[in-house]
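Colleague: Take the sequence shown: its letters are residues 684 to 995, numbered as in the numbering used here.
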Amino acid sequence: MNRPLRTTLGGALVVALLTSVAVSPAQAHPAGPPPTVLALPDGFQPEGIATTGRYAYFGSRATGAIQRVDLVTGRGTTIGAATGTPSLGLKVDTRGRLFVAGGTAGDARVLDTRTGDVLASYQFATAPTFVNDVILTRDAAYFTDSNRPVLYRLPLGRGGALPPADGFTTIPLTGAYEQIGTGVNLNGITTTPDGRALIVVQSNTGMLYRVDPLTGVSTAVDVPGQTFTNGDGLLLLGRTLYVVQNRLNQIAVVALNRAGTAGTFTATITDPNFDVPTTVATALGRLYLPNGRFTTPPTPTTPYTVVAVRAR
């Protein structure tokens, strides 16, 4: 049997114990609850989110900039330099490293969250490619490519050591999964509740698939009567899977079995402040979602926000 994939999702504890990343000293907690809507810089065009403690990291699909926001005070700061290429899916590990999916650049990079320095970068593919999202496990980082039926795996060595630039592997998906057309296919990624496999969502068909991380063999996750069209980011908390459906302005909630082979749809979460949310992470007992605003023409002065909702 495969060894469990112990994973952290947007700062949430899923299988392994997660300790807080060392960040700048916490500011005094203001009176009242944290805000439910937080502002990002105008023109930022957010996509991914990763959380640790009271802090969240957001990536810009326009410039590649990374913004760190204090979810209690709402104050933010830019870390690292903009790349001029997208920063999409994000995950932060217990060593204070931020893993970033590079979208149309076909790459990934790993940043130090304290300094913004690039610790490593990896060129997975060239056009057509769209490296969209990432999940961390105890011994690897896995990335989806929305233009290709593959996953990219970065093995993590002893003490979490990063591989060399050519040290990744490409895992072709086989079995039930089928690439459809040239639009966005593979998108969000997480693990199964038992930690032995991966779950991905195919945006254009609304299907969830369980993927063997060693072989790439996929099977459809049986959720009777449900598909998840426009499925984007995924978040697993215990056995509860949250599927962000971006252009539908909602989150589908699914109760999974331990193996992640089947589930039951249990709820839909909506909020009037949703404006095409892209993905989701948990912090401070809430779910946080950046508004991608895909249906709004972007300009340098277009406002962007992050919305907090209660989990179900």
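We put the beta carbon where it would ideally sit given N, CA and C, even for glycine.
Which whole-angstrom value describes the C-beta separation of A994 and R969, a residue pair presumed to lie in contact below a C-beta threshold of 8 Å?
Modeller: Here residue 994 refers to the residue found at position 311 of the sequence shown. Here residue 969 refers to the residue found at position 286 of the sequence shown. Right, their Cβ atoms sit about 7 Å apart.
Colleague: Would you call the stretch 915-934 in contact with the stretch 849-860, where contact means no fewer than 3 C-beta pairs closer than 8 Å?
Modeller: As far as the Cβ criterion goes, the stretch 915-934 does not touch the stretch 849-860, which means the pair count is below three.
Colleague: Opposite Q885 in the DSSP bridges: which residues?
Modeller: Residue numbering aside, residue 885 sits at position 202 when the sequence shown is read from its first letter. Q885 is bridged to L869, M890.
Colleague: What does Q806 pair with, by DSSP beta-bridge criteria?
Modeller: The residue labelled residue 806 in the question sits at position 123 within the sequence shown. DSSP output for Q806 lists D790 as bridge partner(s).
Colleague: When we look at the beta-carbon of D849 and count the other beta-carbons within 10 Å, is it buried (16 or more) or exposed?
Modeller: Position 166 of the sequence shown, counted from the start, is the residue given in the question as residue 849. Looking at its Cβ environment, which holds fewer than 16 other Cβ atoms inside 10 Å, D849 is exposed.
Colleague: Using beta-carbon positions only, say whether N830 and L771 come within less than 9 Å of one another.
Modeller: What you label residue 830 is simply residue 147 of the sequence shown in a count that begins at 1. What you label residue 771 is simply residue 88 of the sequence shown in a count that begins at 1. Contact: no.
Colleague: Give the single residue among T949, G799, Q750, G785 whose Cα lies nearest to the Cα of A810.
Modeller: Residue mapping note: residue 810 aligns to position 127 of the sequence shown, counting from 1. Minimum Cα distance to A810 is reached at G785.
Colleague: Flag this pair as touching only if the stretch 861-881 and the stretch 835-843 have three or more C-beta atom pairs under 8 Å; answer yes or no.
Modeller: No: fewer than three Cβ pairs fall under 8 Å.
Colleague: CB-CB under 7 Å to D790, same chain, minus the five flanking residues each way: which ones, in chain order?
Modeller: Along the sequence shown, read from residue 1 onward, the residue named residue 790 stands at position 107. Excluding positions up to five away in sequence, the list reads S804, Y805, Q806, F807, V814.
Colleague: Leaving aside the five residues before and after D877 along the sequence, list all residues of the same chain whose C-beta is less than 8 Å from its C-beta, in chain order.
Modeller: Position 194 of the sequence shown, counted from the first residue, corresponds to residue 877. Counting only Cβ-Cβ distances below 8 Å, and skipping sequence neighbours, we find P687, R941, A942, G943.
Colleague: Checking 9 Å against the spacing of the C-beta atoms, do V904 and M890 come in under that value?
Modeller: On the sequence shown, residue 904 is found 221 positions in, with the first residue counted as 1. On the sequence shown, residue 890 is found 207 positions in, with the first residue counted as 1. Cβ atoms of V904 and M890: closer than 9 Å.
Colleague: Under a three-way DSSP split, which group does G843 fall into?
Modeller: In the sequence shown, residue 843 corresponds to position 160, counting from 1. Correct three-state label for G843: helix.
Colleague: Thinking just about the alpha-carbon of each residue, which of D895, A844, F977, T719 is nearest to the one in T756?
Modeller: Locating residue 756 in the sequence shown gives position 73, counting from the first residue. Nearest of D895, A844, F977, T719 to T756, Cα basis: T719.
Colleague: So who's on the other strand from D905, going by DSSP bridges?
Modeller: Translated into the one-based positions of the sequence shown, residue 905 becomes position 222. Answer is A945.
Colleague: Following the continuous beta strand (DSSP E) through Y860, name the residue where it begins and the one where it ends.
Modeller: Within the sequence shown, residue 860 is the residue found at index 177, counting from 1. Premise fails: Y860 is in no beta strand (DSSP E) and is neither H nor E.
Colleague: Taking the alpha-carbon of G1013 as reference, which of T760, Q862, R821, D800 has the nearest alpha-carbon?
Modeller: The requested residue 1013 is not part of the displayed model; the chain covers only 684 to 995.
Colleague: Output the distance between the C-alpha atoms of V698 and V783, rounded to the nearest integer angstrom.
Modeller: Walking along the sequence shown from the start, residue 698 turns up at place 15. Walking along the sequence shown from the start, residue 783 turns up at place 100. At V698, the pLDDT of 36 sits below 50, so the modelled position is not reliable; the number obtained from the coordinates is stated separately. Distance between the alpha carbons of V698 and V783 is about 22 Å.
Colleague: Answer with buried or exposed for T735, where buried requires no fewer than 16 other C-beta atoms within 10 angstroms of its C-beta.
Modeller: As a working mapping, residue 735 is identified with position 52 in the sequence shown. With 16 or more other Cβ atoms within 10 Å, it is buried.
Colleague: For T979 versus V963, is the C-beta spacing smaller than 9 Å?
Modeller: Within the sequence shown, residue 979 is the residue found at index 296, counting from 1. Within the sequence shown, residue 963 is the residue found at index 280, counting from 1. Cβ distance not < 9 Å, so T979 and V963 don't count as in contact.
Colleague: Work out the CA separation of T812 and E861 for me, nearest whole Å.
Modeller: Looking up residue 861 in the sequence shown gives position 178. Looking up residue 812 in the sequence shown gives position 129. So the two alpha carbons sit approximately 17 Å from each other.
Colleague: Can you list, in chain order, the stretches of the beta strand (DSSP E) that have 3 or more residues and sit fully within the stretch 926-976?
Modeller: Complete beta strand (DSSP E) runs here, min 3: 933-939, 946-952, 964-966, 969-973.
Colleague: Could you give the residue range of the beta strand (DSSP E) that holds S829?
Modeller: For the purposes of this step, residue 829 is identified with residue 146 of the sequence shown, where counting begins at 1. No beta strand (DSSP E) contains S829, which DSSP labels as neither H nor E.
Colleague: Cα-Cα, which of T746, P832, A966, A991 is closest to Y738?
Modeller: For this step, residue 738 is matched to residue 55 along the sequence shown. Minimum Cα distance to Y738 is reached at A966.
Colleague: Quick check on the burial criterion: 16 or more other C-beta atoms within 10 angstroms. Buried or exposed for T796?
Modeller: To locate residue 796, count along the sequence shown from 1; it is residue 113. Classification for T796: buried.
Colleague: Is the distance from the Cβ of F948 to the Cβ of G908 below 9 Å?
Modeller: As a position in the sequence shown, residue 948 is number 265, starting the count at 1. As a position in the sequence shown, residue 908 is number 225, starting the count at 1. Yes, the Cβ-Cβ distance between F948 and G908 is below 9 Å.
Colleague: Thinking C-alpha only, which one of T888, T912, T798, G799 is nearest A935?
Modeller: On the sequence shown, residue 935 is found 252 positions in, with the first residue counted as 1. Among T888, T912, T798, G799, the Cα nearest to that of A935 belongs to T912.
Colleague: If you reduce the DSSP assignment to three classes, tell me which class V814 lands in.
Modeller: As a working mapping, residue 814 is identified with position 131 in the sequence shown. In this structure, V814 counts as strand in the three-state DSSP scheme.
Colleague: Please list, in chain order, all residues of the same chain as D800 whose beta carbon is under 6 Å from its beta carbon, the five residues on each side excluded.
Modeller: Against the sequence shown, residue 800 aligns to sequence position 117. If we look at D800 and ignore the five residues flanking it on each side, it has no Cβ neighbours.
Colleague: Decide if D725 is buried, meaning its Cβ has at least 16 other Cβ atoms within 10 Å, or exposed.
Modeller: Walking along the sequence shown from the start, residue 725 turns up at place 42. Looking at its Cβ environment, which holds fewer than 16 other Cβ atoms inside 10 Å, D725 is exposed.
Colleague: What is the rounded straight-line gap between the Cα of G864 and the Cα of T827?
Modeller: Position 181 of the sequence shown, counted from the start, is the residue given in the question as residue 864. Position 144 of the sequence shown, counted from the start, is the residue given in the question as residue 827. Cα-Cα distance, rounded: 16 Å.
Colleague: What does DSSP give as the partner residue(s) for S743 in the beta ladder?
Modeller: Working through the sequence shown from its first residue, we reach residue 743 at position 60. Paired residue(s): P729.
Colleague: Look at V927 and D954 and say whether their C-beta atoms are less than 9 Å apart.
Modeller: In the sequence shown, counting from the first residue as 1, residue 927 sits at position 244. In the sequence shown, counting from the first residue as 1, residue 954 sits at position 271. Cβ distance not < 9 Å, so V927 and D954 don't count as in contact.
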